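Colleague:
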Amino acid sequence: MKNILVLGGTRFFGRKLVELLLESGHHVTVVTRGQSGNPFGGKVEHLLVNRSNKEELAKSVEGRSFDIVYDNICYSPNDAKAFCELFNGKIGKLVFTSTMAVYEADGNKKVETDFDPYHYEIRMGNSSDFTYGEGKRQAEAVFYKYGQFPVVAVRFPIVMGTDDYTRRLHFHIERIANEDPIGFLNMKAEMSFIQDLEAAKFLVWVARAEVSGPINATANGKISLFELIKLIETAVGKQAKISLVGNNEIRSPYAIPVSWYMSNDKATNSGFQFTNLHDWLKPLIEEIASNIG
27 MKNILVLGGT RFFGRKLVEL LLESGHHVTV VTRGQSGNPF GGKVEHLLVN RSNKEELAKS
87 VEGRSFDIVY DNICYSPNDA KAFCELFNGK IGKLVFTSTM AVYEADGNKK VETDFDPYHY
147 EIRMGNSSDF TYGEGKRQAE AVFYKYGQFP VVAVRFPIVM GTDDYTRRLH FHIERIANED
207 PIGFLNMKAE MSFIQDLEAA KFLVWVARAE VSGPINATAN GKISLFELIK LIETAVGKQA
267 KISLVGNNEI RSPYAIPVSW YMSNDKATNS GFQFTNLHDW LKPLIEEIAS NIG
């Protein structure tokens, strides 16, 4: 049994991660602000803390140590630096949830070395000072510079699932079902995705695997936005209304100018077996579509 701390673990794939950890018999402490409640009841220790408040976080974990820490909610170098100052010498391993957004979308398949956090110029600041991708780049760089513990930065693409609170896939399904227009930049652009349960399983695996540094985690395969929309059209029985110059209100959250996808070779060669995107994407779309209305 491991003593595990999860920063952000009450919704979407963070919730599934905690469920898997509990099933394996680990002692789990969850840190959240409490906005999503506690779906686990007394099965976890739930600390109501704003992780961006260093003093508040320090008080909540004072005198404690953890075998593994999952940080799903770090978006800035300031939060990463505060984490290192609080937890150096007190944890066995950090698994940091990073993102494919650390890579520039340039039409090429992205591999881990396409962004090097070890030599990246650090600029301190809060999440509001950066774009999402730059905040994650800065956080990675800080963890690798100041963390006195093993760090694995898991770079996920967009995570899909019925419980996705961002509702990015839902956006497309609902707009097509309601015959509302959707704005894109390039329908030929291809993307990587991963499903929420697989993301959670990967986080469990990577904590015990003999891997370090940044690592990509994505389902096998990629799909063009044109193909994605065709799947949705079939599921809802309506034709999409596509605009290639749409305003922000109708613009797809997947509206990218060129292909943006990544390799999972490092993780695969280390022993993790990913699902195939085309095996689960169509059923997922059909499930979400069946619940519209």
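Numbering follows my numbering, in which position 217 of the sequence shown is assigned residue number 243; successive positions increment by one, without gaps. Glycine is no exception: its CB is placed at the ideal position from the N, C-alpha and C atoms. Note that the structure is predicted; figures quoted are calculated from it, not measured.
Let me know if Gly63 comes out buried or exposed under the rule of 16 or more other beta-carbons within 10 Å of its beta-carbon.
Modeller: Sequence index remark: in the sequence shown, residue 63 carries index 37 (1-based). Result: exposed.
Colleague: Go through the region 59–103 residue by residue and report every complete run of the beta strand (DSSP E) that reaches 3 residues or more, in order.
Modeller: DSSP runs (the beta strand (DSSP E)) wholly in the region 59–103: 71–74, 94–97.
Colleague: Under 9 Å, do Phe66 and Val95 count as touching if we go by C-beta distance?
Modeller: Here residue 66 refers to the residue found at position 40 when the sequence shown is read from its first residue. Here residue 95 refers to the residue found at position 69 when the sequence shown is read from its first residue. No. Outside cutoff.
Colleague: Among all the DSSP beta bridges, which residues are the ones paired with Ala179?
Modeller: Residue mapping note: residue 179 aligns to position 153 of the sequence shown, counting from 1. Note: Ala179 sits in a beta bridge opposite Phe122, Pro240.
Colleague: Using the DSSP secondary-structure output, state which residues sit across from His53 in a beta bridge.
Modeller: Position 27 of the sequence shown holds residue 53. Answer is Asn29, bridged to His53.
Colleague: Taking Ser269 as part of the beta strand (DSSP E), name the residues at either end of that continuous run.
Modeller: Translated into the one-based positions of the sequence shown, residue 269 becomes position 243. Its beta strand (DSSP E) spans residues 267–269.
Colleague: Are Ala226 and Phe39 touching if we call contact CB-CB under 9 Å?
Modeller: In the sequence shown, counting from the first residue as 1, residue 226 sits at position 200. In the sequence shown, counting from the first residue as 1, residue 39 sits at position 13. Yes.
Colleague: Return the chain-ordered list of same chain residues with a C-beta closer than 7 Å to the C-beta of Lys135, the five sequence neighbours on each side being excluded.
Modeller: By one-based count along the sequence shown, residue 135 stands at place 109. Tyr287, Met288, Ser289.
Colleague: Taking its Cβ as the centre, do 16 or more other Cβ atoms sit within 10 Å of Asn152, making it buried, or is it exposed?
Modeller: For the purposes of this step, residue 152 is taken as residue 126 along the sequence shown, with counting starting at 1. So Asn152 counts as exposed.
Colleague: Would you identify the three-state DSSP class for Asn273, choosing helix, strand or coil?
Modeller: Translated into positions along the sequence shown, residue 273 becomes position 247. It is coil, neither helix nor strand.
Colleague: If we count the other Cβ atoms within 10 Å of its Cβ and call it buried at 16 or more, is Gly51 buried or exposed?
Modeller: Here the question's residue 51 lines up with position 25 in the sequence shown. That one is exposed.
Colleague: What residues are listed by DSSP as bridge partners for Phe219?
Modeller: Counting from 1 along the sequence shown, the entry for residue 219 is found at position 193. According to DSSP, which records beta bridges pairwise, Phe219 is partnered with Ile184.
Colleague: Where are the alpha helix (DSSP H) runs, 4 residues long or more, that stay fully inside the region 277–316, in chain order?
Modeller: You should have 291–295, 303–316.
Colleague: From which residue to which residue does the beta strand (DSSP E) around Gly209 run?
Modeller: In the sequence shown, residue 209 corresponds to position 183, counting from 1. Unbroken beta strand (DSSP E) run through Gly209: 207–209.
Colleague: Would you say the region 98–110 touches the region 165–176, given that touching needs at least three Cβ pairs under 8 Å?
Modeller: Yes: the two stretches touch, three or more of their Cβ pairs being nearer than 8 Å.
Colleague: With distances taken between CB atoms, is the gap from Val57 to Leu73 smaller than 9 Å?
Modeller: The count along the sequence shown starts at 1 and reaches residue 57 at position 31. The count along the sequence shown starts at 1 and reaches residue 73 at position 47. A contact, by the Cβ cut-off of 9 Å.
Colleague: On the three-state DSSP scale, how would you describe Ile255?
Modeller: Here residue 255 refers to the residue found at position 229 when the sequence shown is read from its first residue. If DSSP states are grouped into helix, strand and coil, Ile255 belongs with the helices.
Colleague: Would you kindly work out how many angstroms separate the C-alpha atoms of Ile314 and Gly133, rounded to a whole number?
Modeller: Position 288 of the sequence shown, counting from 1, holds the residue named residue 314. Position 107 of the sequence shown, counting from 1, holds the residue named residue 133. When rounded, the distance between both Cα atoms is 29 Å.
Colleague: Using only the alpha-carbon positions, how far apart do Val177 and Lys119 sit?
Modeller: Sequence index remark: in the sequence shown, residue 177 carries index 151 (1-based). Sequence index remark: in the sequence shown, residue 119 carries index 93 (1-based). Spanning the two alpha carbons is a distance of roughly 6 Å.
Colleague: Could you pull out every residue in the same chain whose Cβ sits closer than 6 Å to the Cβ of Glu224, ignoring the five residues on either side in sequence?
Modeller: Indexing the sequence shown from 1 puts residue 224 at position 198. For Glu224, where only same-chain residues beyond five positions count, the Cβ hits under 6 Å are Thr301.
Colleague: Assign Thr139 to buried or exposed, taking buried as 16 or more other Cβ atoms, counted over all protein chains shown, within 10 Å of its Cβ.
Modeller: Counted from its first residue, the sequence shown places residue 139 at position 113. Classification of Thr139: exposed, given that the 10 Å Cβ count is below 16.
Colleague: Under 7 Å Cβ to Cβ from Arg41, same chain only, skipping five residues before and after it: list those, please.
Modeller: Position 15 of the sequence shown, counted from the start, is the residue given in the question as residue 41. Correct list, in chain order: Gly35, Pro65.
Colleague: Kindly indicate which three-state DSSP category Ile148 falls into: helix, strand or coil?
Modeller: Numbered from 1 along the sequence shown, position 122 holds the residue referred to as residue 148. Coil.
Colleague: Skipping 5 residues on each side, what residues in its chain have a beta carbon closer than 6 Å to that of Asp97?
Modeller: Residue mapping note: residue 97 aligns to position 71 of the sequence shown, counting from 1. Only Leu33, Phe122 meet the Cβ criterion.
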